[in-house]
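Q: Okay, handing you the structure first.
Residue numbers (the working numbering), protein chains in the order written: chain A, 922 to 1667; chain B, 912 to 1164.
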């Protein structure tokens, strides 16, 4: 892969460091220990930095000690002597090492290989320091040998897993009602982890029995996952499934109140429940909060994602959600209809007046990023002209509201035979691009003005470069047509995006490339290779120059049009990234994924600043409100969720659609949210009202609990049905007319 | 686009029934009927590939019959080759961490279209013009191919086209699928003549009797005219029968 050229170099460096420490720590042991354990971690680039230096050395030593102890236990005195002599271990040192073993067994196991046999041990690399007082793993009577050996085998006895689970079930049923909802959250992750454990360690029959007995108890919104799991009965089946492997190694996050947690802990620390306590500690991360236990509905609204909920710290980083200041542009005097633009209400002056768009105050909005936080391209003359057009159109914009709903103009693609996979409109609504499953991209002109391509170089030499209409003269009249077809991809085109200056078009496809097309010559300019797997969505930044792409490899990449390699990589999702969207201030990017979470990334340093959970299906559409404060997301479960970016909370849930919500768009001033879905309808929602009743008191902000009002019906302003055409894309024109696009599907 | 459930599972062959059951188990209840065929094809191809690979491994290991280990090895190798999966998460996190450490590059102002270096773009010409050979214009040794020029017919009854005989045009134009049987016309062999049609030499205006068979004017509405290199254009036009085409559309050649 082009993008990962750096990695092997780093791996080499790390290998060198490791062999060095091995030589230091183990001394003569290196030669003896070489045959005992596998070679130093090959391409292991997992996190735990400082622990690494000491890790491999002590791991070898521990294994050595374990072998010694084993020989001693079985009275192989002669062998013990020989080994001790050859390894150069002093007689008393191995006794003291025995104590160290027990304590550092976890640490040693955490040094983590990427090899299969130790991958269970590596699951602890992601563990937090909360596991300090964990009793010895395996819980068997000999802590020293078996601790190390248990790192190579599964935890506990497979036949007893059913017993553990039933025991937990009985316990949860016996607690008080208020705690029961919270503790029931344990069931699903435990079920999946225990099942995967059994499968991974080749206990097929026990796994099947376990699944049959307990899969019916799980929540209904996990049904899809359970179906996938039911087909997975052997370890080999898991090998290709990166999502499940990630699930095994990452910790499922649960948020439980302190009281419920105390109850749970007290119950599980009893002697006979030791096993399940170990399992819980290994696979779950319990985020404790102080306060009232949550109700079932509150829990249900936030859960559903593959990684549990978000930890409170994950949503605490400061996010600059404000908009960037618009540049001041001199507006020419001879246009008479500019009086309305002057917001300060000054009388029309005779000299040209500057127009400040929107921001009355000259000082910096504290929630907005600095102008130069990320480098942005400067405004060209053509961009300034565009902005002037924009301002003029803005004056003619219709104010929308519950009383004045927008008109909807629907563009239906005929004869597409289910091949239409992506649509985009330019900001001024003059062009439509459609991506198709036959790997073509077609561009149509919405206005009567035809599409023309630029003349060839020979002809361009002949025109008069000084004339006023030179921009018209460079166009080749012979090439005028209503639509243009762009060939180049070798797979279905899943995403298209126009650049804000209407010069470029991006398309991303199943062949793993993102292509940049020129809309002046209608030819392909660049193919950006980096994803080696289908790319599901791509988006230009609102200021141009940057664009983002997300695909099957679970990584979103930020590119600039003049770099052939990505500038940023956003890794963290557990499953494919299905949807990508830029924030209006171009400093943040939102990605929606098949692991049912929405993440917000900071472009400056690549950090994930927000994780939003709550959807019960893969997310297919995202929309930022024009003021940058809120994010709306739609998924296959038919719900639209509204998120407050600043606080990191869910503030609304819009129920109504019965099928996947494929498109979301806010109106130009943010008064109305339009959603289009596979159930052939467009629905309009009152977003001002939805954002009005937010209770952001201290408790909510601190704990992240929300109490969602059941007001979807009041917020719904209208439902508009099409004649069996799923709505794939929505777009508000600059005057607040709603355009929709879809392919007729009888 | 038609989607319906299989109406008669009993009449399906056994492995198709198994496939229906598998789809049902995986929760897929609506699918086009051809899906079953595609799945069965894939299954068949995959299994035969694996078994063939396993046979090769077994013979390589000098075993008499294929056993489970060979199959396992064959599956493993195929997985690494065809069914690759994206890199693991910790690897991606590490690569991302390194990539995200470098600060965003500054943008140079006033640089025109911002594209990567030309090497990484697709803007280079992917063709090269072949240099022209010097034209061989000897009169001797000329090909004695009867020159037929197939001209598009226009609705106006104008003089027939007097195209200058040119070497290149023959091959393309003769390829039109019109039967030449059943007609009678004299073809002019140009061996005796120079290329110029304008020669004033009163070289024999060879007889051109063109009897145009109606069947020639087939679906393509193309009239075959002979290439007449003669002086008396006027007289020729009268001797030629020309079909007037009613419809305007014709194949532009």
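C-beta: ideal position from N, C-alpha, C; glycine also. Here the structure is a predicted model, which means the values were calculated and not measured.
For residue 1016 of chain B, does the count of other Cβ atoms within 10 angstroms reach 16, so buried, or fall short, so exposed?
A: Burial call: exposed.
Q: Taking the alpha-carbon positions, what's the residue 998 of chain B to residue 1369 of chain A distance?
A: Each residue's Cα considered, the two are about 48 angstroms apart.
Q: Quick check on residue 1295 of chain A - is its C-beta less than 8 angstroms from some C-beta in chain B?
A: So yes, residue 1295 of chain A belongs to the interface.
Q: Give me the Cβ distance between residue 1362 of chain A and residue 1353 of chain A, rounded to the nearest whole Å; I'm assuming they're in contact under 8 angstroms.
A: Not really, about 11 angstroms apart at Cβ, beyond 8 angstroms.
Q: Using 8 angstroms as the limit for Cβ to Cβ distance, is residue 1034 of chain B near chain A?
A: Taking Cβ atoms only, chain A reaches closer than 8 angstroms to residue 1034 of chain B, which makes this a yes.
Q: Return the residues of the segment 1437-1449 of chain A that lie within a Cβ-Cβ distance of less than 7 angstroms from chain B, sorted by chain order.
A: Residues passing the 7 angstroms Cβ filter: 1445, 1446, 1447, 1448.
Q: Please list, in chain order, the residues of the segment 1473-1498 of chain A that have any C-beta partner in chain B closer than 8 angstroms.
A: Those residues of the segment 1473-1498 of chain A that come within reach of chain B (Cβ to Cβ, closer than 8 angstroms) are 1473, 1474, 1475, 1476, 1481, 1482, 1483, 1484, 1485, 1487, 1488, 1489, 1490, 1491, 1492, 1493, 1495.
Q: Give a yes or no on whether 8 angstroms exceeds the smallest Cβ distance from residue 893 of chain A to chain B.
A: Residue 893 of chain A lies beyond the residue range present for chain A, which begins at 922 and ends at 1667; the question has no answer from this structure.
Q: Closer than 7 angstroms by beta-carbon distance: list the chain A residues that pair up with residue 884 of chain B, in chain order.
A: Here chain B covers residues 912 to 1164 and nothing more, so residue 884 of chain B does not appear.
Q: Residues of chain A with a CB under 9 angstroms from the CB of residue 1007 of chain B: which are they?
A: Residues of chain A passing the Cβ test: 1476, 1489, 1490, 1491, 1492, 1493, 1527.
Q: Between the C-alpha atoms of residue 1664 of chain A and residue 1582 of chain A, what's the straight-line distance to the nearest angstrom?
A: Those two C-alpha atoms are separated by around 15 angstroms.
Q: Using a Cβ-Cβ cut-off of 8 angstroms, state whether residue 1125 of chain A counts as contacting chain B.
A: No, its Cβ sits nowhere closer than 8 angstroms to a Cβ of chain B.
Q: Within 8 angstroms (strictly less), CB to CB, does residue 1206 of chain A reach chain B?
A: Output row for residue 1206 of chain A: interface = no.
Q: Give the DSSP-derived three-state secondary structure of residue 1233 of chain A in the structure shown.
A: It is helical.
Q: Run down chain A in chain order and give the residues with a C-beta less than 7 angstroms from the C-beta of residue 994 of chain B.
A: Per Cβ cutoff of 7 angstroms: 1161.
Q: In chain order, what residues of the same chain lie with their CB nearer than 7 angstroms to the CB of residue 1496 of chain A, ignoring the 5 residues before and after it?
A: Within the same chain, residue 1496 of chain A has close Cβ partners 1164, 1227, 1475, 1514, 1515, 1516.
Q: Please go through the same chain and pick out, in chain order, the residues whose beta-carbon is closer than 6 angstroms to the beta-carbon of residue 1333 of chain A, but skip the five residues on each side of it.
A: Contacts found: 1646, 1665.
Q: Go ahead and pull the three-state DSSP assignment for residue 1599 of chain A.
A: If DSSP states are grouped into helix, strand and coil, residue 1599 of chain A belongs with coil.
Q: Extract the residue ranges of the beta strand (DSSP E) inside the segment 1412-1499 of chain A, only unbroken runs of 3 or more that lie entirely within it.
A: Those beta strand (DSSP E) runs which fall completely within the segment 1412-1499 of chain A and span 3+ residues are 1414-1419, 1425-1430, 1434-1439, 1445-1450, 1456-1461, 1467-1472, 1476-1481, 1489-1492.
Q: Per the DSSP calculation, residue 1363 of chain A is bridged to which residue(s)?
A: Per DSSP, A:1355, A:1406.
Q: Please tell me whether residue 1613 of chain A and residue 1599 of chain A are closer than 8 angstroms, where the distance is taken between their beta carbons.
A: Cβ atoms of residue 1613 of chain A and residue 1599 of chain A: not closer than 8 angstroms.
Q: Using a Cβ-Cβ cut-off of 7 angstroms (strictly less than) and excluding sequence neighbours within five positions of residue 1278 of chain A, which residues of its own chain qualify?
A: Note on residue 1278 of chain A: pLDDT 45, under 50, position unreliable in the model; the coordinate value appears next. Closer than 7 angstroms at Cβ, skipping near neighbours: 1247, 1312.
Q: Return the residues of the segment 1162-1194 of chain A that lie within a Cβ-Cβ distance of less than 9 angstroms from chain B, sorted by chain order.
A: Within the segment 1162-1194 of chain A, the residues whose Cβ lies closer than 9 angstroms to some Cβ of chain B are 1162, 1163, 1166, 1167, 1170, 1171, listed in chain order.
Q: Leaving out the 5 sequence neighbours to the left and right, which residues in its chain are closer than 8 angstroms to residue 1325 of chain A when beta-carbon positions are compared?
A: Cβ neighbours of residue 1325 of chain A beyond the five flanking positions: 1319.
Q: Does the beta carbon of residue 1298 of chain A come closer than 8 angstroms to any beta carbon on chain B?
A: Yes - at least one Cβ of chain B is within 8 angstroms of the one on residue 1298 of chain A.
Q: Determine the direct distance from the alpha carbon of residue 1089 of chain A to that of residue 1489 of chain A, and round the result to whole angstroms.
A: Using only the alpha carbons, I get a separation of about 44 angstroms.
Q: Skipping 5 residues on each side, what residues in its chain have a beta carbon closer than 6 angstroms to that of residue 977 of chain B?
A: Contacts found: 965, 966, 969.
Q: For a cutoff of 8 angstroms on Cβ pairs, would you count residue 1412 of chain A as touching chain B?
A: So, not an interface residue.
Q: Taking 8 angstroms as the threshold (beta carbon to beta carbon), is residue 982 of chain B in contact with chain A?
A: Not an interface residue.
Q: Quick check on DSSP: helix, strand or coil for residue 1562 of chain A?
A: In this structure, residue 1562 of chain A counts as strand in the three-state DSSP scheme.
Q: Check the C-beta distance from residue 1111 of chain A over to residue 1177 of chain A and give it rounded, since I have them as a contact under 8 angstroms.
A: Incorrect: roughly 13 angstroms between the Cβ atoms, too far for contact.
Q: Within 8 angstroms of any Cβ in chain A, is that where the Cβ of residue 1031 of chain B sits?
A: Yes - at least one Cβ of chain A is within 8 angstroms of the one on residue 1031 of chain B.
Q: With H, G and I counted as helix, E and B as strand and the rest as coil, what does DSSP make of residue 1520 of chain A?
A: Residue 1520 of chain A: strand per DSSP, three-state reduction.
Q: Per DSSP, residue 1574 of chain A forms a beta bridge with which residues?
A: For residue 1574 of chain A, which the question treats as bridged, DSSP gives the partners A:1562.
Q: Going straight from the alpha carbon of residue 928 of chain B to that of residue 948 of chain B, what length do you get?
A: The alpha-carbon atoms of residue 928 of chain B and residue 948 of chain B are separated by roughly 11 angstroms.
Q: Buried or exposed: residue 1094 of chain A, going by 16 or more other Cβ atoms within 10 Å of its Cβ?
A: Residue 1094 of chain A should be labelled exposed.
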